[in-house]
Amino acid sequence: MATLFWLQTGACGGDSLAILSAESPSLEQLLQDGGVELLWHPSLSHGHARRFDQLVDAILTGEQVLDILCIEGSIITAPRGTGLCDPYRGRGKMELVRDLAERAGVVVAMGTCAAFGGVHAAPPNPSDCIGLQFDHAQPGGLLAPDWRSRRGQPVINVAGCPAHPHTMTQTLAALALGLPVPLDGLNRPASHFSTVVHQGCTRNEYHEYDVEDTQPGDRACLFFNLGCQGPMTQAVCNTDLWNGVSSKTRAGVPCFGCTSPGFPRDGDLFRTEKMGEVPIHLPLGVERPRYMAYKNLARAAAPQRVRDKKMKP
0 MATLFWLQTG
10 ACGGDSLAIL
20 SAESPSLEQL
30 LQDGGVELLW
40 HPSLSHGHAR
50 RFDQLVDAIL
60 TGEQVLDILC
70 IEGSIITAPR
80 GTGLCDPYRG
90 RGKMELVRDL
100 AERAGVVVAM
110 GTCAAFGGVH
120 AAPPNPSDCI
130 GLQFDHAQPG
140 GLLAPDWRSR
150 RGQPVINVAG
160 CPAHPHTMTQ
170 TLAALALGLP
180 VPLDGLNRPA
190 SHFSTVVHQG
200 CTRNEYHEYD
210 VEDTQPGDRA
220 CLFFNLGCQG
230 PMTQAVCNTD
240 LWNGVSSKTR
250 AGVPCFGCTS
260 PGFPRDGDLF
270 RTEKMGEVPI
280 HLPLGVERPR
290 YMAYKNLARA
300 AAPQRVRDKK
310 MKP
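The opening residue of the sequence shown carries number 0 in numbering that gives the first Met the number 0; numbering runs sequentially from there.
Right under this line is the structure:
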């Protein structure tokens, strides 16, 4: 049985809410059949605050084994590096996170805020927020780049705002069973961050023929004009639908790139920045000269059914 302790720092609680909708496995299955013992969760545990303090003390003294430490929310370091804007027992909660991490078998950053800083680290940032082991895309947050847990692993970044429910429960299930969890270059589980949101998007054909929307809610591609980050964002949103039903792009809303270390972008989320007629940021792995040549040909080759479908109400 793997013990799990879930701590919130600078968080909105969105990851805790999202994990409740997981189905494969569900949170209930993870706790009942997945070999996970939940020591504490700020929203789900029914114990009082003194129970939380007792668990913290037991973990720090070695009386209670901690296998999985989940941190939800960015690490608040203000004011002046003390972390006292988010206090616990007269010191910054960042110090508690650091102490618990030293005792944990593995540490999981639940959500982009815990992984990279996220919304709370976006400018202007009066609380001086960072991620657990990254500051945006730069290695080194609260913990040094070479820090490793008791099991010899870096912080596992389950990114997303919020993180996808199945990315959370499937990662936790693998860790509880002692299975290897290969990571990508940003220490995200490679199994869930090896494809882009664009894969599986129902608007792909419009994208290929350069049939683009100019306002949200229409039927064509959202990349060229409306800021969609789907071709550059690695996540499973269109291959493992949210609640088994939909995703942002399927609902006519651009992907905001919330699993990326640079989220949120410093600018209009519904506008594509361009250099002339070409987006500044291109789909992953695409070279600019080839993109320009391909798009000009694709637009001219767009079949009438694609153009007509866009115009239907």
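Ideal placement from N, C-alpha and C gives every residue a C-beta, glycine not left out.
Practice task
Note down the Cα distance separating residue 312 from residue 220, rounded to an integer number of angstroms.
Solution key: Confidence at residue 312 is low in this model, with a pLDDT of 43, below 50, so its placement is unreliable and the value that follows should be read with caution. Their Cα atoms are separated by approximately 15 Å.
Exercise for the section: Decide if residue 195 is buried, meaning its Cβ has at least 16 other Cβ atoms within 10 Å, or exposed. Expected result: So residue 195 ends up on the buried side.
Handout entry: Distance between residue 276 and residue 266 (C-alpha atoms, nearest Å)
Key = Linking residue 266 to residue 276 through their CA atoms gives a straight-line distance of about 19 Å.
Handout entry: Other residues of its chain near residue 122: CB distance less than 8 Å, five sequence neighbours each side excluded
Key = Within the same chain, residue 122 has close Cβ partners 265.
Exercise for the section: Tell me whether residue 245 sits in a helix, a strand or coil according to DSSP, three-state version. Expected result: Collapsing the DSSP output to three states places residue 245 in a strand.
Exercise for the section: Between the Cα of residue 282 and those of 263, 239, 198, spot the shortest distance and give me the residue it belongs to. Expected result: Checked all of 263, 239, 198; the closest Cα to residue 282 is 198.
Exercise for the section: Decide if residue 14 is buried, meaning its Cβ has at least 16 other Cβ atoms within 10 Å, or exposed. Expected result: In this structure residue 14 is buried. Its beta-carbon is surrounded by 16 or more other beta-carbon atoms within 10 angstroms.
Handout entry: Assigned exposure category for residue 242 - 16 Cβ within 10 Å defines buried
Key = That one is exposed.
Exercise for the section: Following the continuous alpha helix (DSSP H) through residue 96, name the residue where it begins and the one where it ends. Expected result: Residues 92-102.
Practice task
From the DSSP output, read off the bridge partner residues of residue 195.
Solution key: Beta-bridge pairing links residue 195 to 233.
Practice task
Check whether the Cβ atoms of residue 269 and residue 263 lie closer than 8 Å to each other.
Solution key: The Cβ atoms of residue 269 and residue 263 lie no closer than 8 Å to each other.
Handout entry: residue 130 versus residue 17 - alpha carbon distance
Key = Taking the straight line joining both Cα atoms gives about 20 Å.
Handout entry: Helix, strand or coil at residue 1 [DSSP, three-state]
Key = DSSP places residue 1 in strand when its eight states are reduced to three.
Problem - Exposed unless 16 or more other CB atoms sit within 10 angstroms - verdict on residue 106 - result: Its Cβ being crowded by 16 or more others within 10 Å, residue 106 is buried.
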